[in-house]
Each structure stands twice: as C-alpha cells, then as structure tokens.
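Everything below concerns the one structure shown next.
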Amino acid sequence: MHFFKTGALLLLVSSALLFVPAGCNPSGGPDPVTPVTNTLVSSTLIGQFTTDQLRSRFTGSNVGFQLFIRYPISVYRVTYTTTNTDGKSITASGALMIPTVNSTTGIPMLSIQHGTITSDDGAPSNYQSGSEAYTFGSVFASQGYIIAAPDYIGYGASKDLPHTYEHRNGLATASLDMLRAARQVLTDKSVNWDKRLLIAGYSEGGYATLALQKKIEEETGSEFNLVASSCGAGAYDKPAFMKQILNNTTSTDPSISRLYLWVLLTYDRIYNLNRPASYYFKEPYATRIAASGYTANLGGLSFNQVVTDSFKQAINNGTDTDFIKAAQDNDIHDWKPRTNTRLYHGDADDTVLFLNSQNAYDAMRARGATNVQLIRLSGANHATGILGYITGTYDFFSSLQ
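The sequence shown runs -24 to -1, 1 to 377 under mature numbering (1 follows the signal peptide of the UniProt record, and there is no 0).
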C-alpha cells in the first residue's frame, strides 16, 4: 500500500508543506541536550536539483506540483548502523533531503515512514523516478523541510535481509537510528536545523510512526525535540486485529490477504517459532506458502478461509501462547503519549480495520492522554482515506504554529 497513489493525492500532499514556518517552537519544551549516539556510516550525494529540474518532473495531470517548488534540494543516500531483530548490528540506509534555504532561525526536520512496498525500487535511498521519495519527499524538501526517510530493514543497504514487516521494534529502531545518522550529516554539513522534529506515515508507515514515537518518548530522554506525530491507518492493536482477521470474513482481494500472510510469516520467523506452513494453513495453500512465502496465490479467499481451524481455536482459547506473545510484543495501542498526536483512519477501511485506531484512542485517553485525537474519516477505505489523512495532517501541523 503505497503512501500516495495519484497525481491528485500528490498535489494535496504538496500543499501540506506550507504548515509550519521555520523558527517557531510549537512544543514549548526545553532545548534538547546534545546526545552522543552517532550511527552514521556514510553519506553520498545522489544529486543536487534546481527548482527548474524539480518542476520538470511534474507534467500532465501532475503539472500543479510545479507551483509548490520553492527551493533547490540536495539528496543524499545515508548508510548507518542499526540493530536487527536478532540483536546483530547491520548497515541500513535511507534518504536525506536538504533544501537550500537561507534561514537564520533554522528549519525543521520531518521523518517520513513509508507505507508498504514490495520492491526495493521503492526504497527512499534508491530515489528512483515514481517512488515516494522522488516525488512526495522532494516536494516536501523543496518547501523548506529537511526530510529523513528510512528504508527500513530489508530494503536499500539491507535488501538481502528479510523485511521486518509490521514488527514494532524492527521498524522503530531502524527509523530512530536513521534520525541519528541524519543529525550527524546535518552537523557535518553545517545545516541549520532548528531541532524540531515532526513524524508522519500512513498504513505500515502509520504503524512505524507510532512505534517510533513510543520509542523516542520512552527510551531517548531529551535527545529529540519531537513536537508532533501524525499517524494514518496503522495496525496498532495487534492482538485484537489478529482475532478479527482470523474469525471474520475480510477482503478477498489477494493483495490484501497476502499482507496478513506477510505479517504472520514475519512473526513466525522473528520469534523463532519456525512452524511448518501446515500448522497455520489449509491445503493447497500450505504447500503454496511453503514454496512462495507471502507472495503465494491464496485463490481470492478471505484470510480466515485459508488458516486452519486448529490455529484459530488455539488463538481463541489462548493455548497458542507463543504466537499470542508475538502479537502482544508488537502491540502499541495501549500507552500514554506525551507528544501531540493524531490518529487518522477511515471507518470503512477493509485492509487495516478502524478498530485499531479506535482502540488506541480509547486506551490512551483512559491513561490520561489529553493530547491525542482520533480523526474518523467517514466512509473512507484504506485508499480513499489517504486524502483525509493528508489534509488533516496539514491542519494539525498548521495549528501548532
């Protein structure tokens, strides 16, 4: 599920870049202390692009994009060290985009966690034509934002490793270490970052963004001045969502069923369950999945029709404690955020069900979080909800001026 689908969406995204002027501190918090953590391995210039070059990317139905190009940008491929889910240090990567802005007060950084991609071509650090980083990220940068865009583990420099799909700590750790590497690049290049950090993402990016926020708030002290988090349509309540998928008819779109399959296989691998496909899946799907993984043909069935009755029963009665613990370890819906947070979600979303955001909001409010809002996008599904997410994020960040 890519973050942006059409030229119209991209145009809306570009308008969202006007929301926070450089130099203000909407958080009102203290200046962050200088941390000692530096994950940077290297930064390589991909290219420097003039405003004319950036405008030339947008023609036809996307010609309106040209109106939002303000500054030239420099794009870097950043490699850095991070920790994989097995505890081993690895090299990961991401894109860092820096606008050429003369600002005495400094400019903010926006960390963008991308949605689901199934090919390395879409990794931000590859900066290929048509990717989110090449289009959406570049327009954000041209509006005066430093853009940090992690590839995640499994793409870019770590493409030979399995992607940590919907894994809380894998996504959050790679995103956090990308921010640390980006900070060092900005220092080395004397870029005037005003230390404000905003984070955003939709779908897998929404889940990754909330996981990153939780990690920053709970583990990094005053290392970052996080002022706002905008999360769209993420699968935050993993245990409840899992039971819903296993016990109810969901979309029969093969591309959606394969996403659920991908999560299940990822957890089986990361938590060393290493079960045969036949434990989870009926035939002929078990054989197909054993051979092809999450790309297997599921025959256009709802996911609950593919899994075995015994697996469903073990989840429902609590006897499969290992898989239940894996789901619980990736649950990020029940905690108390300190940062101004908005959860956007379409109530007709048949890919990532609305209950994820509703449950997160209810749990956070019950813990006393008054700075969290749930924005219900009435009648929107996973694709059409992107519109409301982008325009809502625009209003949200604008209000922090």
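Glycine included, each C-beta is placed from N, C-alpha and C at the ideal position.
How about T228: is its Cβ closer than 6 Å to a heavy atom in the ligand PLP? The model depicted lacks the ligand PLP and carries no ligand whatsoever.
Using 8 Å as the threshold, is the stretch 60 to 78 in touch with the stretch 128 to 136, meaning 3 or more CB pairs across them? Yes, they touch.
Buried or exposed: which applies to G91, given that a residue is buried once 16 or more other Cβ atoms fall within 10 Å of its Cβ? Buried, because 16 or more other Cβ atoms sit within 10 Å of the Cβ of G91.
May I have the straight-line CA-CA distance separating S234 from S101, to the nearest angstrom? One point to set straight first is that residue 234 is Arg, not Ser, in the sequence displayed. Distance between the alpha carbons of R234 and S101: 25 Å.
By how many angstroms is the C-alpha of G322 removed from the C-alpha of P313? 22 Å
Beta strand (DSSP E) containing R31: first to last residue? Membership of R31 in any beta strand (DSSP E) is not indicated; the residue belongs instead to the alpha helix (DSSP H) covering T27 to R31.
How is the alpha helix (DSSP H) around S286 delimited, first residue to last? D285 to N292
Cβ-Cβ separation, Y247 to T284 (assumed contact under 8 Å), whole Å: 19 Å between Cβ atoms; not a contact.
Quick one: what's got a C-beta closer than 7 Å to T360's C-beta in the same chain, skipping five residues either side? G322
Return the first residue and the last residue of the beta strand (DSSP E) that R156 is part of. R156 -> not in any beta strand (DSSP E); alpha helix (DSSP H) instead, spanning R144 to D164.
Excluding sequence positions up to five away, which residues of its chain have a Cβ less than 8 Å from the Cβ of N347? P313, R314, T315, N316 and T317
Please state the DSSP three-state secondary structure of W238. helix
Is T58 near D213, with beta carbons less than 7 Å apart? no
Which residue's Cα is closest to the Cα of D296: G208, K219 and S118? K219
CA-CA distance, P252 and L137? Approximately 21 Å, taken between the alpha carbons.
Burial state of L43 (16 or more Cβ within 10 Å): exposed
Taking all protein chains shown into account, do 16 or more other C-beta atoms lie within 10 angstroms of the C-beta of P126, making it buried, or fewer, making it exposed? buried
Limits of the unbroken alpha helix (DSSP H) element including Q349: Counting along the chain, Q349 falls outside any alpha helix (DSSP H), though it belongs to the beta strand (DSSP E) covering V348 to L353.
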